[in-house]
Amino acid sequence: MDVAVVGLGATGLAAVLEARRRGATVAAYDSGRLGGGATGRNAGFLLAGTADFYHRRRDRELYGLTLDEMDRMMAETPTVISRTGSVRRPRSLEEHEDCAAHYQALRDDGFPAELERDGSMIVPTDGSFHPLARASLLAAAARDNEAVLVENHLVDNFDALEADRVIVAVDGGLERVLPELTGRVRTARLQMLATARTDEVRIGRPVYSRYGYDYWQQLPDGRVVVGGCRDQFPDQSWTTASRPTQAVQAALDCLLREDVGVRNAPVTHRWAGTSSYTDDRRPVCEEIRPNVVAVGAFCGHGNVIASMAGRAAVELALDGRSPLAVALTE
Ligand SMILES: Cc1cc2nc3c(=O)[nH]c(=O)nc-3n(C[C@H](O)[C@H](O)[C@H](O)COP(=O)(O)OP(=O)(O)OC[C@H]3O[C@@H](n4cnc5c(N)ncnc54)[C@H](O)[C@@H]3O)c2cc1C
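Under our numbering, residue 322 is the last one in the sequence shown; the count climbs by one each step, no gaps.
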C-alpha cells in the first residue's frame, strides 16, 4: 500500500511513523520546512485533555488517553520533554469559579490536580517540550525507517501523488487545502514573543490564564515566551496569514511586563502561526474524499492530540475505521 502524507508537522510525522509501522510505503510532503507550521512555532505546552476544559466535556476515557499519549511521547523523545506540571491562573472572579469547578471535576474523576491558595490550579501530570526538536527527532526516525520526506513541495493535486491513500495532515489552513471544510473549519492566527534570558522571574511550569487565551512559560535557558491576546483582536485573528501584527504584539508586551512580571528583559523574537478551529471544538479526522483522510483543526490544543490523530488517520486510511478517531471527534 502506498501512502502519501501532506504536511510534515506533528500530525504528519505521527502518521508517517504509524504508516511505516503498519508496513506501508510512505512519501510525505511539506510546502515549507519540516516543522515550519504550528509545530515549530507553538508555545510548547503539553496539556492533557482536549481544547475544552475537563469539566465542560467531562470525557474521562479521552482524558486518560491523552495522559497515556504523553507517556508515549515521553518514551519516544525523552530528551525534549519535561513533566513539570502546568498552572491554570484565573484572572476574574468568574474565572476563579470556573477554575474551581475544573479542579473539582478532575479530582472527582480520579485525576491529579491541586488548588493553590490564590485559586490557581496545578495539574502535575502536564508538562512542556521543545516541539521543533521533537519533530526533528521523529523525522530522523522516519527517515531511518525508509519513509521519504520531501520539503518545499506544495501539494495542490492529490491525484498527482499517485498514492493508494492520502492523509492531509494540515492544521492551520486545512479549509484552504480542502475547500469542502469551509464553514466547518476556520483558521486563526496565534501570536507569540520571546525575551532574552532573564533572572527577573522564575517560572517553574507553563502557565495559562484568561481561559487559555493567554499563556507563558520560561524555557530551560531562562528565556520567557508569551503568547495570546488574540481574542482582543478578532479582525486580526481569523486569517491564514502568519505574520505578527503590531496591535497584538503591543498587547503581548503589556502581558509580559504587567502580568508575567518581566519588566526589563528585551524582547528578542516575535512571531505568529496558524491553527484551525471548529465551532464544537472537536478536531477533524475523517475520510473527506474517497481515499483521502483529513486530519487537523485542533483548536490551538494540538500538541498531544496531533500525535494521536496522526495515528488515527492511518487507521482510517488503512482499515476504514478507527476507534481512536471516534474517541477524538465525537
Ligand atoms: C502560536 C501557537 C501556539 C500554540 N501553542 C500550543 C501549545 O502550547 N499547546 C498545544 O497543545 N498546542 C498549541 N498550539 C497548536 C499546535 O501547535 C498545533 O495544533 C499542532 O502543532 C498542529 O500540528 P500539525 O502537524 O497538525 O500542523 P502544522 O504543524 O501546522 O503542520 C502542517 C504542515 O502542513 C504544511 N502544508 C500546508 N499546506 C500544504 C500543502 N498544500 N502541501 C504541502 N504541505 C502543506 C505546512 O507547511 C505545515 O508544515 C499552538 C499553535 C500556535 C500557532
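Note that the Cβ used here is the ideal one computed from N, Cα and C, for glycine as well.
With at least 16 other beta carbons inside 10 angstroms of its own, A7 counts as buried. Of all alpha-carbon atoms in E86, L320, D206, G292, the one lying nearest the alpha-carbon of A180 is that of G292.
The beta carbon of N283 sits no closer than 6 angstroms to any heavy atom of ligand 1. The stretch 179 to 227 is shown to contain whole beta strand (DSSP E) runs of 3 or more residues at 199 to 201, 206 to 210, 216 to 220, in chain order. Under DSSP, the beta-bridge partners assigned to S78 are V115.
The beta-carbon separation of G(-1) and V160, rounded to 7 angstroms, stays under the 8 angstroms limit for a contact. As computed with DSSP, I159 is found in a beta bridge with V(-3), V285. In the DSSP assignment, no residue is bridged to A132. DSSP places R52 in the uninterrupted alpha helix (DSSP H) bounded by 52 to 68.
Across the structure, V79 and T174 are spaced so that their CA atoms are roughly 35 angstroms apart.
Sixteen is the threshold: since fewer than 16 other Cβ atoms of the shown chains lie within 10 Å of the Cβ of P258, the residue is exposed. Measuring C-alpha to C-alpha distances from S120 to each of M65, E138, P198 identifies P198 as the nearest. Remark: the C-beta of G220 is outside contact range of ligand 1, defined as less than 6 angstroms to any heavy atom. Measuring C-alpha to C-alpha distances from R202 to each of R83, T266, L247, R215 identifies R83 as the nearest.
When rounded, the separation of the alpha-carbon atoms in P315 and T71 is 30 angstroms. The beta carbons of Q228 and V216 sit no closer together than 7 angstroms.
Ranking E167, A19, S74, E68 by CA distance to the CA of L39 puts S74 first.
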